[in-house]
Amino acid sequence: MRLPLIQPDALTEEQKPLYADMRSGIEKNFKGFATIDGDGALLGPWNPWLHQPKFGGPIWELTKAMSFSPSLPKPVREIAILVTGAHFHSAYEIYAHVIAAEQRGLSDDTLATIVAGQRPGDLPRDQAIAYDIASALVGGGVLPALSYRQAVQEFGEHGAAELIYLVGLYCMVSVTLNGFDVPVPEEERG
Numbered sequence: 001m002r003l004p005l006i007q008p009d010a011l012t013e014e015q016k017p018l019y020a021d022m023r024s025g026i027e028k029n030f031k032g033f034a035t036i037d038g039d040g041a042l043l044g045p046w047n048p049w050l051h052q053p054k055f056g057g058p059i060w061e062l063t064k065a066m067s068f069s070p071s072l073p074k075p076v077r078e079i080a081i082l083v084t085g086a087h088f089h090s091a092y093e094i095y096a097h098v099i100a101a102e103q104r105g106l107s108d109d110t111l112a113t114i115v116a117g118q119r120p121g122d123l124p125r126d127q128a129i130a131y132d133i134a135s136a137l138v139g140g141g142v143l144p145a146l147s148y149r150q151a152v153q154e155f156g157e158h159g160a161a162e163l164i165y166l167v168g169l170y171c172m173v174s175v176t177l178n179g180f181d182v183p184v185p186e187e188e189r190g
C-alpha cells in the first residue's frame with residue numbers, strides 16, 4: 001500500500017467533509033466487505049480519494065450517482081464490475097465485488113469463470129449483455145453496434161448509458177486501486 005490510512009483524528013479541514021460524506025455513504029450502501037478499519041480509517045479506493053480531495057471528491061460524487069439509485073439490476077451491475085476488475089487484475093475490487101455478487105445470488109462457478117477472464121456459458125440474457133459490453137469496453141476500441149443495440153433493447157437508452165458509465169467508473173476504480181497498490185484487507189486474505 002503506497003498511501004497510509006488516514007485516521008479520523010488526522011483529517012485536514014479539506015478532508016473532513018469528504019470523509020463524513022464517504023463514511024455515511026459507505027455505511028449505507030457498501031455492505032458485506034471491509035471498507036472501514038477498526039479505527040475509522042477508510043479502506044479500498046476511498047483512502048486514495050481522501051488523500052486528494054480535489055480529485056477524490058468528484059470521483060466520490062460520480063460513485064454516488066452510479067451506486068445509490070441504479071436502474072440496472074444488481075446482478076447485471078456486479079457482472080460488469082467484475083469483468084472490469086478481472087481485466088485490470090484489481091485485487092480489492094475483485095474481493096469486494098465477489099462478495100457483493102454472492103449477495104446478489106451469483107454462483108461461485110459463474111464468479112470464478114468471470115474472475116478467470118472468461119464468459120460463463122449459462123448467463124441469463126441481461127447478464128450476458130452486461131458481460132459482453134464490459135468485456136468489449138475494457139478490451140479497447142469502439143463498442144460494437146450489435147452490443148450497443150442489445151443493451152438498448154434490454155435496458156433502454158438510460159440503462160445502456162448507465163452500463164457504459166459504470167464500466168468507465170470501475171476502470172477508474174481499478175486503476176486507482178492498482179496505482180496505489182491497495183491490498184485486500186488482512187482478515188480477508190487467506
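The sequence shown lines up with residues 1 to 190 when you count with the UniProt record's numbering.
Ideal Cβ placement from N, Cα and C applies to all residues, glycine included.
Since this is a predicted model, take the numbers as computed values, not measurements.
Check: Gln15 C-beta below 8 Å from any heavy atom of the ligand HEM: The ligand HEM is not among the ligands present in this structure, which contains no ligands whatsoever.
DSSP beta-bridge partners of Ile36: Leu42
Ser107 versus Leu82: straight-line alpha-carbon distance, rounded: 13 Å
Whole-angstrom distance between Gln52 and Val167, CA atom to CA atom: 23 Å
Reduced DSSP secondary structure (H/G/I, E/B, other) of Ala20: helix
Test item: CB-CB of Leu163 and Ala145 under 9 Å: no
Proximity below 9 Å, CB of Gly25 to CB of Lys54: no
Buried versus exposed, by CB contacts within 10 Å (16 or more), Tyr165: exposed
Residue range of the alpha helix (DSSP H) that includes Pro53: 53–67
Pick from Met22, Tyr92, Pro8, Pro73 that is closest to Trp60, judged by C-alpha positions: Met22
Ile99 and Ala134 closer than 9 Å at C-beta: no
C-beta atoms of Pro75 and Gln127 nearer than 9 Å: yes
When Ala161, Ala91, Ala101, Val175 are compared against Met66, the one with the closest alpha-carbon: Ala161
For Val76, the first and last residue of its enclosing alpha helix (DSSP H): 74–88
Contact the region 30–50 vs the region 109–118: 3+ CB pairs below 8 Å: no
Same chain, Cβ closer than 7 Å to Met172, five either side skipped, listed in chain order: Ile59
DSSP-derived helix/strand/coil call for Val115: helix
Euclidean distance between Cα positions of Tyr92 and Phe180: 11 Å
Selection from Arg149, Gln103, Ser90, Ala96 that minimises the alpha carbon distance to Pro73: Gln103
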